[in-house]
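So in my numbering, the last spot in the sequence shown is 1086, and the numbers never skip.
Using N, Cα and C, we set each Cβ at its ideal position, and we do this for glycine too.
As the structure is a prediction and not an experimental result, all values here were calculated from the model.
Accompanying notes for the structure given below.
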Amino acid sequence: MTEPKGVAQPRAAARPGAGSTAGAAPGSTRRAGTAGAEDRIAELEARLQRLEGSPGIRERGRSMVGRVMPSEAGTHFRNAGREQLLGFRAILDFWLQRIDDADARSTTDRRSERETIRIE
C-alpha cells in the first residue's frame, strides 16, 4: 500500500496458505521453505535498496523550489517566518499579562471587601 508505483507485490503474499507446509512431501519442506525464504529476503533487500535510493519528498521539494526560486529568497522567507512567530509571541504575552493583571486586581478587591465577623 505504501509502495511507490511500479513495485510489484510478492506472489506468496497474495495466495492464501502460501508458505505453509501442508501437503508437501516429508523432507522436501525444509528445502522449499529455505529457498522460498532466501528468495523473499533477496526480494525485500532489492525493494529496500530501491526505496533508500530514491529521494524523499523533502529532497524532491527542495530541488523543485531551487529551480524556481533563488536561495536568497528562501533566507528571506525563513526570516519572515521567524518574525511572524515573534509577532504571535508578542500578542500572547500581551494577553497573558492582561489576564494576570485582571487576576491580581480581582484578588486584591476581594480581600479589601471581606469583613470578619466574630461570633461569640
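Inter-residue spacing [alpha-carbon to alpha-carbon] between residue i and residue j
i	j	result
residue 1066	residue 1033	50 Å
residue 1019	residue 1042	32 Å
residue 1063	residue 1070	10 Å
residue 1081	residue 1068	22 Å
residue 1004	residue 1010	10 Å
residue 1058	residue 1030	36 Å
residue 961	residue 1046	Examination of residue 961 is not possible in this model, given that the chain is present from 967 through 1086 alone.
residue 1021	residue 1015	12 Å
residue 1027	residue 1048	21 Å
residue 1012	residue 1024	23 Å
Per-residue burial, residue i [other beta carbons within 10 Å of its own, 16 or more giving buried]
i	result
residue 990	Residue placement at residue 990 is flagged as unreliable, the pLDDT there being 48, under the threshold of 50; a coordinate-derived value is accordingly withheld.
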